[in-house]
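K.L.:
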Amino acid sequence: FEGLQRGCNIVITSQSEPEPIISGICRPGEYLLASRCAECPPGTSSLGGFSGVCIRCGAGTYQPQAAQGFCLACPEDTWRNHDQDATQCEPCPEGMYRKSTGEGCERCTSTDSGKCLCLEGEWVANG
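Note that the numbering used here gives residue 105 to position 8 of the sequence shown, counting from 1, and the numbers run on in steps of one.
1. Taking L130 as the reference, which of P139, G140 and G146 has the closest Cα?
2. Does DSSP put S142 in a helix, a strand or coil?
3. Can you tell me which of the three DSSP states P188 falls into?
4. Put I122 into one of helix, strand or coil per three-state DSSP.
5. Would you kindly work out how many angstroms separate the C-alpha atoms of G140 and T206, rounded to a whole number?
6. Could you work out which residue in A170, E127, W176 and C123 is closest to I152 when comparing CA atoms only?
7. With DSSP collapsed to three states, give me the class of C205.
8. E173 lies in the beta strand (DSSP E); which residues open and close that run?
9. Can you tell me whether DSSP reads C232 as helix, strand or coil?
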């Protein structure tokens with residue numbers, strides 16, 4: 098509001114829009130940085146809003162793109178632990194596999210229905 102002051106009274110002469118302190122709530126994949134929204138880097142995500150941080154993708158998840166609101170689950174037979182680059186998943190080591198619901202790779206067993214190759218010197222017993 099703009100006005101003229103007369104003693105203790107204020108007379109309003111015109112009404113103007115207040116200047117926003119923050120231009121808006123950040124979108125998913127963005128975080129609040131110095132009153133502005135900035136993109137989260139690859140390997141992280143943010144739900145947006147007034148969040149001031151991007152969260153690194155957890156074990157078993159990744160995000161190859163910037164400005165994303167969520168991390169993706171690693172595809173079957175790939176994995177990523179929390180210390181690795183969060184922009185991609187790696188294939189499971191030979192003799193191991195990963196189900197689509199697990200975080201890490203597991204050693205192959207005779208019940209893995211042909212998903213795994215045996216390591217040198219190992220075999221799957223029949224029956």
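Backbone N, C-alpha and C fix where the C-beta goes; we use that ideal spot for every residue, glycine too.
Owing to the predicted nature of the structure, the values given are computational and were not obtained by experimental measurement.
P.N.:
Reading it off the structure:
1. As a working mapping, residue 130 is identified with position 33 in the sequence shown. Cα-wise, what sits closest to L130 is G146.
2. Within the sequence shown, numbered from 1, the residue matching residue 142 stands at position 45. In the structure shown, S142 sits in a strand (DSSP, three-state: E or B).
3. Translated into the one-based positions of the sequence shown, residue 188 becomes position 91. P188: strand per DSSP, three-state reduction.
4. Taking the sequence shown and counting its residues from 1, one reaches residue 122 at position 25. Coil at I122, not helix or strand.
5. Walking along the sequence shown from the start, residue 140 turns up at place 43. Walking along the sequence shown from the start, residue 206 turns up at place 109. So the two alpha carbons sit approximately 32 Å from each other.
6. The residue given as residue 152 occupies position 55 in the sequence shown. Answer by Cα proximity: E127.
7. Translated into the one-based positions of the sequence shown, residue 205 becomes position 108. Reduced to three states, the DSSP call for C205 is coil.
8. As a first step, residue 173 must be located in the sequence shown, where it is residue number 76. Per DSSP, E173 belongs to no beta strand (DSSP E) and is neither H nor E.
9. Residue 232 lies beyond the range of the chain shown here (98 to 224); nothing can be said about it.
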